[in-house]
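**Student:**
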Ligand code: SF4
Ligand code: SF4
């Protein structure tokens with residue numbers, strides 16, 4: 049699977065407040081307000097270029113994607129909370145280890161990794177445990193192309209997806225085609241290995 053953004057980013061050091069601001073602007077975007085200026089302001093205020101090393105146009109692209117994801121989450125939220133059978137799709141790139149130290153077995157028939165919970169500080173392990181407690185079927189996917197296969201085999205009402213922005217966009221199209229409602233959590237650090245997402249954001253969505 050190729051790297052969907054042509055740049056790598058790491059927002060894991062940016063204060064949480066940044067994401068509240070994004071949510072606020074996204075809401076306004078949902079209300080069809082113009083948000084270009086607000087995005088520039090957020091980038092300046094949180095020193096995104098300085099902290100991440102991103103250039104301005106990449107930072108704008110990234111924030112626009114975050115906002116679109118948030119706006120779509122808000123739009124779909126009411127429908128999503130009414131769904132019963134739900135699945136969570138997690139990206140394999142957020143595992144603590146990408147080599148044999150990860151004890152997850154890969155089942156090509158699903159297809160999904162099955163987390164063996166070898167490391168209590170592994171993001172995936174924590175996400176799996178929490179979602180399963182809430183009744184979700186959880187999948188750890190090697191790539192977005194697995195999504196349609198799983199959705200055809202099982203009949204879910206609602207799906208939560210964690211991945212980078214590009215994969216979320218593709219996933220959202222698949223869900224729309226299949227009439228399934230979704231919520232998404234974007235990675236805050238990309239790069240296809242050692243990636244990060246925000247667990248609290250995920251928990252609040254589940
Ligand atoms: S906790 Fe699970 S996903 Fe994380 S490294 Fe261990 S087996 Fe792999
Ligand atoms: S979800 Fe992870 S592995 Fe997949 S394209 Fe995005 S960063 Fe790469």
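Residue numbers (the numbering used here): 49 to 254.
Backbone N, C-alpha and C fix where the C-beta goes; we use that ideal spot for every residue, glycine too.
Predicted model, so just to flag it, every value in this text is computed and none were measured.
Using DSSP bridges, identify the partner residues of residue 55.
**Tutor:** According to DSSP, residue 55 bridges with nothing at all.
**Student:** With a threshold of 16 other CB atoms inside 10 Å of the CB of residue 219, please say whether the residue is buried or exposed.
**Tutor:** Buried, because 16 or more other Cβ atoms sit within 10 Å of the Cβ of residue 219.
**Student:** Would the C-beta of residue 71 count as close to ligand 1, meaning under 7 Å from any of its heavy atoms?
**Tutor:** Not under cutoff, so the answer is no.
**Student:** Output needed for residue 97: all residues of its chain with C-beta closer than 8 Å, excluding positions within five of it in sequence on either side, in chain order.
**Tutor:** Taken in chain order, the residues that qualify are 91, 103, 104 and 107.
**Student:** Is residue 232 near residue 216, with beta carbons less than 8 Å apart?
**Tutor:** Yes. Within cutoff.
**Student:** Can you grab the Cα-Cα spacing for the pair residue 89 / residue 239, in whole Å?
**Tutor:** Cα to Cα, the separation comes out at about 26 Å.
**Student:** Buried or exposed: residue 84, going by 16 or more other Cβ atoms within 10 Å of its Cβ?
**Tutor:** Its Cβ having fewer than 16 others within 10 Å, residue 84 is exposed.
**Student:** Using a Cβ distance threshold of 8 Å, determine whether the segment 204-211 contacts the segment 131-145, with at least three qualifying pairs required.
**Tutor:** These segments touch.
**Student:** Using beta-carbon positions only, say whether residue 57 and residue 237 come within less than 8 Å of one another.
**Tutor:** Going by C-beta atoms, residue 57 is nearer than 8 Å to residue 237.
**Student:** Can you tell me whether DSSP reads residue 196 as helix, strand or coil?
**Tutor:** Residue state, collapsed to three classes: helix.
**Student:** Going by beta carbon distance, what residues of the same chain come within less than 6 Å of residue 111, once the five residues before and after it are set aside?
**Tutor:** Cβ neighbours of residue 111 beyond the five flanking positions: 87.
**Student:** With a cut-off of 8 Å on the beta carbons, I'd call residue 161 and residue 188 a contact; round off their distance for me.
**Tutor:** Correct: roughly 4 Å between the Cβ atoms.
**Student:** Hey, quick one: how far does the alpha helix (DSSP H) through residue 173 stretch, first residue to last?
**Tutor:** Run containing residue 173: 171-181, per the alpha helix (DSSP H) assignment.
**Student:** So, using beta-carbon positions, are residue 62 and residue 115 closer together than 8 Å?
**Tutor:** It is not a contact, given that the beta carbons lie outside the stated cut-off.
**Student:** Going by the C-beta, is residue 223 closer than 7 Å to any heavy atom of ligand 2?
**Tutor:** No - ligand 2 has no heavy atom lying nearer than 7 Å to the Cβ of residue 223.
**Student:** Using a strict less-than 6 Å threshold between each residue's beta carbon and the heavy atoms of ligand 1, what residues do you get?
**Tutor:** After applying the 6 Å Cβ criterion, the set is 143, 144, 145, 150, 151, 152, 163, 164, 165, 166, 167, 170, 172 and 173.
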